[in-house]
Amino acid sequence: MPKETMTSKERVAAAIRLEKPDRVPVAPLLPPEPIAHLAGMTQGQVAADGMNTVEGFKKIFDEYGGWDVAYGGPITPDQLQAIGMYPMKMRIPGKDTDDDDIFQLLEEEVMKPEDYETICDIGVEKFYKEDLLYRISDMTPKDVEKAIENLMLTGVLYLEALNARNINSLFFVYDNHPFFTLSLMRSLIPFTEDLYYNPDIVEKAIQRMADDLIVKNLQPAIDSKSMGINAWLFIEERASAFHYPPEIFERFWWPYTKKIVETFWAEGIVTIFHLDTCWDKNLKYFKELPRGSAVVGLDSTTDIFLAKEILKDHLCIYGDVSATMLATAKTEDVEVYCKKLIDEVGKDGGFILGSGCAVPPDCKPENFRIMLETVKGYELNK
Amino acid sequence: MYEELVNGIVDLKKDLVLKIVTDLSKKGDDPLKILEECRNGMTIVGDRFQKGDYYLAELLLSGEIFKQAMIILEPFLSKEREQEKAGTVVLATLKGDIHDLGKNILGYLLKAQGFEIHDLGVDVLPELVIQKVKEVKPDFVGFSALITPVFEKMKEAEEMLKNEDLRDGFKLMIGGGVTNDDTREYVGADFQTIDAMAGVAYCMKIAKGE
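Heads up: the sequence lines are chains F and Z, in that order.
For the record, in the first sequence the residue sitting at position 225 is 956 according to the working numbering, with numbers rising by one throughout.
For the record, in the second sequence the residue sitting at position 69 is 113 according to the working numbering, with numbers rising by one throughout.
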């Protein structure tokens, strides 16, 4: 039987560089929720302690034969709030809901229109840490400090677990796009009203936030190169043509995105986009980014085959076995779809096969397994 | 003025629309006529969305304008009841899921087309759906989902409705980003969409007996 000729790290790096590796690399996006499910834990356990997620990760990585690079990781809801990744009210399993319920976010207008000025004046980091955080959570400043401390400790143990398995994390630094952050804080409808009825202040806030985002994330991303990681994760779930017309996209999203990606790329750092919803009409813009400067991660609502056609030999593509497929489809259907992805999106390289958005918290174990096994075996056995 | 009202909704001029609705209502114009013109505006927005000229943002904004216009019209309309309704719809996001954007959009778009909406909210137990179906005898029941674990609850609700001999009385619709035709089949629903306007078109078609 033909053998792999590259290590996982080499394979992923080659795909990002738009080369053709020995086989397509595979990297399921695994936040704590599916880890709990696949490792036989409750949602409450992973929400309470990131160490449970680390243990769960180790268990499923070893049981399912592993994958090429880690995407996702151990972070609890209170830690997500502490660092501002989800600036929203939450329902936390085992605390606000049953132990086996899924962690969820509440779409509420927690940021008020007058807060735009504050963000322009003091920056979103300070606004969030000193004000908004306490509107959405009952944490005290001490709790916040403790949550961040625990996150760092868990992170170290997680990286050790990855090292022991000879894989890397796809990124160390991650952040939401300023547009997405504002949409989460204002909530979708009020933010949309702001974009149409008070565009100037939104634009001013996004300009400030984009500059601050670079200052906050660039140096840590440069530092993470010492761990062999030369990428960072940039998340956007609400800016595509699924939600907004081109004039909104062109004014409030694309110029800042381009500037941010180019700034990171100037330091040799690749932007991993996590792009939810349908980006079919927006894909052409990504051609303006420097070749190889980003990975376009799609959630299965964007036509990944169209993305390949447009971005071929320009940007690496990630995706997109959908959550619905992993949760409900027949195993043979998952296998057929993975083979199609490998044959059509992966054929010239520049492709990482993964889940469309995250692996769902009710993923069928047999579907998770067939996804990994198909990617690891199909091309080499052809 | 009515032309300005319709165009105002289509062009998303919220302040203008609300001023016109207020002025016309105070002047004693027929509130049903005002409502009808608002609905005409919403229909044009919907058509533009289906043609791809408008995006979800425009649907959301026109829906907000319509909702606020309804608040102004409501005291005048209550004197004019009973309006003819296009049909009755029960909507819910079932137990385990608290996302409701899609459901809310469908709710106000259907309302704009004259449907009576009973929105049970989020995190709803299937038992409450049964109770509401018995009470209002809807033409449509709609479940929305943004996370896959709620498919089980949809299926459970459908089976309970069947066991109670209620299932033949309405069309069951499901929607939300994670649903597809396989989900529809799994749940036993009659219709599935991730596009609110397609949901409206489906309800209109069935309501007209097409």
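Quick reminder that beta carbons are idealized off the backbone N, C-alpha and C, glycines included.
Note that the structure is a prediction, hence the values are computed from the model and not measured.
Distance, residue j Cα to residue i Cα
i	j	result
glutamate 978/F	glutamate 924/F	15 Å
leucine 230/Z	alanine 1058/F	It should be noted that the sequence gives tyrosine, not leucine, for residue 230/Z. Between tyrosine 230/Z and alanine 1058/F, the C-alpha separation is close to 12 Å.
glycine 146/Z	isoleucine 960/F	38 Å
valine 61/Z	arginine 92/Z	19 Å
valine 904/F	threonine 223/Z	32 Å
aspartate 67/Z	methionine 217/Z	39 Å
phenylalanine 973/F	lysine 734/F	42 Å
glutamine 950/F	tryptophan 963/F	11 Å
alanine 744/F	valine 887/F	23 Å
serine 1031/F	leucine 153/Z	27 Å
alanine 878/F	proline 818/F	15 Å
alanine 233/Z	threonine 227/Z	8 Å
glutamate 1110/F	lysine 935/F	49 Å
glutamate 861/F	threonine 1033/F	37 Å
alanine 113/Z	isoleucine 920/F	17 Å
valine 65/Z	glycine 165/Z	28 Å
leucine 1072/F	methionine 1056/F	14 Å
methionine 198/Z	glutamate 1104/F	31 Å
glycine 787/F	glycine 775/F	13 Å
cysteine 1088/F	alanine 189/Z	15 Å
valine 1052/F	threonine 1062/F	12 Å
leucine 76/Z	glycine 85/Z	14 Å
serine 971/F	leucine 1042/F	17 Å
valine 173/Z	asparagine 207/Z	13 Å
isoleucine 806/F	valine 1065/F	28 Å
arginine 917/F	histidine 143/Z	16 Å
glutamine 236/Z	lysine 857/F	44 Å
aspartate 1074/F	cysteine 1009/F	22 Å
methionine 816/F	alanine 251/Z	44 Å
threonine 885/F	leucine 769/F	20 Å
arginine 969/F	methionine 782/F	31 Å
isoleucine 850/F	leucine 103/Z	28 Å
glutamate 1019/F	glycine 131/Z	49 Å
alanine 758/F	alanine 952/F	20 Å
leucine 121/Z	isoleucine 945/F	54 Å
glutamate 848/F	proline 930/F	13 Å
8 Å contact criterion, which residue i and residue j should meet: CB distance rounded
i	j	result
leucine 882/F	glycine 1085/F	About 24 Å separates the two Cβ atoms, so there is no contact after all.
glycine 825/F	alanine 767/F	So it is not a contact: roughly 11 Å between Cβ atoms.
glycine 803/F	proline 762/F	5 Å
asparagine 1013/F	phenylalanine 980/F	6 Å
proline 1091/F	threonine 192/Z	4 Å
methionine 842/F	leucine 863/F	6 Å
glycine 140/Z	valine 194/Z	5 Å
For residue i, the residue or residues it bridges with in DSSP
i	result
lysine 215/Z	Phe184/Z
isoleucine 1003/F	Leu964/F and Val1026/F
valine 50/Z	Beta-bridge pairing links valine 50/Z to no other residue.
cysteine 1047/F	Val1026/F
serine 1086/F	Val1052/F
glycine 2/Z	Residue 2/Z lies beyond the stretch modelled for chain Z, which goes from 45 to 254, so this question has no answer here.
aspartate 906/F	Phe965/F
leucine 760/F	Tyr802/F
arginine 754/F	Answer by DSSP bridge pairing: none, since arginine 754/F is not bridged.
phenylalanine 995/F	Partner(s): none; phenylalanine 995/F has no beta bridge.
asparagine 899/F	Val800/F
Minimum Cβ-Cβ distance from residue i to chain F less than 7 Å
i	result
threonine 237/Z	no
alanine 233/Z	no
threonine 192/Z	yes
Any chain Z beta carbon closer than 7 Å to residue i
i	result
alanine 970/F	no
tyrosine 1068/F	no
tyrosine 975/F	yes
aspartate 1093/F	yes
threonine 1055/F	yes
alanine 1058/F	yes
Chain B residues whose Cβ lies nearer than 7 Å to that of residue i
i	result
isoleucine 142/Z	Protein chains in the displayed structure are F and Z, and chain B is not among them.
field: Near-chain F residues of the stretch 205–230 of chain Z (beta-carbon distance less than 8 Å), N- to C-terminal order
entry: If the cut-off is 8 Å between Cβ atoms, the stretch 205–230 of chain Z has Gly221, Val222, Thr223, Asn224, Asp226, Thr227 and Tyr230 near chain F.
- prompt: Which residues, taken in chain order from the stretch 900–933 of chain F, show a beta carbon closer than 8 Å to some beta carbon of chain Z?
  reply: Leu919, Ile920, Thr923, Glu924, Leu926, Tyr927 and Tyr928
Contact list for the stretch 771–792 of chain F against chain Z, Cβ threshold 9 Å: none
task: Give the residues from the stretch 797–819 of chain F that approach chain Z closer than 9 Å (Cβ to any Cβ), ordered along the chain.
output: none
query: Name the residues in the stretch 836–853 of chain F whose C-beta lies less than 9 Å from a C-beta of chain Z; which are they?
result: Leu836, Leu837 and Glu838
field: Residues, ordered as in the chain, of the stretch 78–107 of chain Z that lie near chain F by beta-carbon distance below 7 Å
entry: Tyr99, Leu100, Ala101, Leu104 and Leu105
field: Chain-ordered residues of the stretch 47–62 of chain Z with a beta carbon less than 8 Å from chain F
entry: Leu56 and Lys58
query: Which of the residues in the stretch 992–1015 of chain F, read from start to end, lie with their CB under 7 Å from any CB of chain Z?
result: none
- prompt: For the stretch 142–167 of chain Z, which residues have a CB atom closer than 8 Å to at least one CB atom of chain F, in sequence order?
  reply: The residues in question are Ile142, His143, Asp144 and Leu145.
- request: Compile a chain-ordered list of the residues in the stretch 170–197 of chain Z whose CB is closer than 7 Å to at least one CB of chain F.
  value: The residues in question are Ile191, Thr192, Pro193 and Phe195.
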